[in-house]
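See structure below.
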Amino acid sequence: MRTGRLIVLALCSLLLAACGSTPPHSDYFIVTFTPGTADPSAAGERALANVVAAAKRASYIDITGAVPGADDPGGAMIERRVNRVVAALLKAGVEKRAIAERFRAFGPAGFAATKDNLILQLGYGERPSEPPTGEPPK
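For the sequence shown, the working numbering begins at 1093 and goes up steadily by one.
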């Protein structure tokens, strides 16, 4: 009787171990920049270093930057900042196909509050069915 229980316990343990994959989830990082430049601030450098360290374990990386209205010239700065982050990720060995860029338009108040940072989402598991895409305003 005891041997039978041990066998059942061992089989249950094996089944649980086989199902041990991590459920899909995301980690978020905010990379801040020195106002008016494409240079990360000191806190932004630390955040970017943390992203680079974790990036190889992620299934995908989404970068979101706030862009102003079409007639505001701030969009070019956001694009330079995104390019800087992408370059750091590529240098660390992250595959380009794992990186997606999203540019989100805000009104004046929302843009003012978010213009000097980028949000980086490191996803673990499958990317949602509609990956974020976007083009910065020209």
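Built from N, CA and C at the ideal position, the CB exists for glycine as well. Values in this document were obtained by computation on a predicted structure and should not be read as measured data.
C-alpha distance - residue i paired with residue j, whole-angstrom precision
| i | j | result |
| --- | --- | --- |
| K1148 | A1135 | 21 angstroms |
| I1122 | A1139 | 7 angstroms |
| V1159 | A1168 | 9 angstroms |
| V1186 | D1208 | 24 angstroms |
| S1118 | A1141 | 17 angstroms |
| G1128 | P1115 | 39 angstroms |
| A1145 | S1221 | 26 angstroms |
| Y1216 | A1179 | 21 angstroms |
Spatially closest choice to residue i from the options, by CA coordinates
| i | options | result |
| --- | --- | --- |
| F1203 | K1183, G1217, T1156, A1192 | T1156 |
| R1196 | A1179, E1218, T1206 | T1206 |
| P1132 | I1170, S1151, Y1152 | I1170 |
| E1193 | L1181, A1201, G1199 | L1181 |
| L1210 | P1200, R1189, D1154, E1218 | D1154 |
| I1191 | P1127, F1198, L1214, P1200 | L1214 |
| A1150 | P1200, S1221, G1128, R1189 | R1189 |
Spatial neighbours of residue i in its chain, beta-carbon cut-off 6 angstroms, leaving aside the 5 residues before and after
| i | result |
| --- | --- |
| V1143 | F1121, L1212 |
| R1176 | A1130 |
| R1219 | Y1152 |
N- and C-terminal bounds of the alpha helix (DSSP H) containing residue i
| i | result |
| --- | --- |
| E1193 | E1193 -> not in any alpha helix (DSSP H); beta strand (DSSP E) instead, spanning 1191–1197. |
| V1144 | 1134–1147 |
| G1167 | 1167–1183 |
| G1202 | 1200–1206 |
Limits of the beta strand (DSSP E) - the one that residue i falls within
| i | result |
| --- | --- |
| G1215 | 1209–1216 |
| D1119 | 1117–1124 |
| V1159 | 1152–1159 |
Residues near residue i in its chain [Cβ-Cβ closer than 8 angstroms; skip 5 each side]
| i | result |
| --- | --- |
| F1313 | Not covered by the structure: residue 1313. The range shown for the chain is 1093 to 1230. |
Same chain only: Cβ atoms within 7 angstroms of residue i, ignoring 5 sequence neighbours per side
| i | result |
| --- | --- |
| G1199 | none |
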